[in-house]
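Q: Okay, handing you the structure first.
Numbering (the numbering used here), first residue to last: 3 to 143.
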């Protein structure tokens with residue numbers, strides 16, 4: 003495998019890792035800034051939590067390079083860990099408050115993202131296992 007082929011095959015995983023790191027940075031560093039207080043009003047903040055953590059779980063799963071149940075478990079566990087860390091971090095930020103309702107929205111989003119990624123992975127595997135075109139047909143002599 004050439005260097006270019008290795009780079010191209012690893013690029014989606016590297017991009018997913020960078021996106022996961024950017025999300026964690028945004029939650030923990032930018033979330034500590036004063037502008038983050040009340041940025042998204044209730045009840046829309048729960049939708050934002052779910053959406054962000056769905057994306058986070060999906061990119062953690064993609065970056066892992068795992069498949070099946072292991073990928074699902076790692077994606078969900080990673081999203082839950084970041085969600086718990088974010089809520090714990092908010093305990094110490096002025097104007098911010100930690101809440102089990104936010105953690106529940108994070109967990110729902112993580113579950114949604116991990117599930118969608120698992121379904122996508124199964125669909126891709128099913129498509130890859132199907133014969134394409136005339137490749138499997140034997141030619142008559």
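The beta-carbon is built from N, C-alpha and C at its ideal position, and this holds for glycine as well.
As the structure is a computational prediction, the values presented were derived from the model and not from experiment.
(1) Just checking my contact of residue 60 with residue 115 at CB under 8 Å: how many whole Å lie between their CB atoms?
(2) Excluding the 5 residues preceding and the 5 following residue 56 in the sequence, name in chain order all residues of the same chain whose CB lies nearer than 6 Å to its CB.
(3) Evaluate contact between the segment 64-74 and the segment 39-47, counting only Cβ atoms and requiring at least three cross-stretch pairs below 8 Å.
(4) Any heavy atom of the ligand SAM inside 7 Å of the beta-carbon of residue 53?
(5) When the Cα of residue 124 is compared with those of 73, 103, 19, which residue comes out closest?
(6) Quick one, which of 85, 127, 91 has its alpha-carbon nearest residue 50's?
(7) Taking residue 82 as part of the alpha helix (DSSP H), name the residues at either end of that continuous run.
(8) Around the C-beta of residue 92, are 16 or more other C-beta atoms found within 10 angstroms, so that it is buried, or is it exposed?
(9) Distance check for residue 131 and residue 141, CA to CA, integer angstroms please.
(10) Between the C-alpha atoms of residue 77 and residue 4, what's the straight-line distance to the nearest angstrom?
(11) To the nearest angstrom, report how far apart residue 13 and residue 87 are at their CA atoms.
(12) Mapping DSSP to helix, strand and coil, what is residue 2?
A: From the atom records:
(1) Right, their Cβ atoms sit about 4 Å apart.
(2) Once the five neighbours on either side are set aside, the close Cβ partners of residue 56 are 111, 114, 115.
(3) Contact fails: fewer than three Cβ-Cβ distances are below 8 Å.
(4) No copy of the ligand SAM appears in this structure; indeed no ligand is present at all.
(5) Closest by C-alpha distance to residue 124, out of 73, 103, 19, is 73.
(6) Taking only the C-alpha atoms, the option nearest residue 50 is 85.
(7) Note, residue 82: alpha helix (DSSP H), 70-92.
(8) The C-beta of residue 92 has 16 or more other C-beta atoms within 10 Å across all chains shown, which makes the residue buried.
(9) In this prediction, residue 141 has a pLDDT of 49, which is less than 50 and means its spatial position is unreliable; nothing more can be read from the coordinates.
(10) Near 30 Å, if we compare the C-alpha coordinates of residue 4 and residue 77.
(11) Whole-angstrom Cα-Cα distance: 28 Å.
(12) Residue numbering for the chain in the displayed model covers 3 to 143; residue 2 lies beyond these limits and cannot be assessed.
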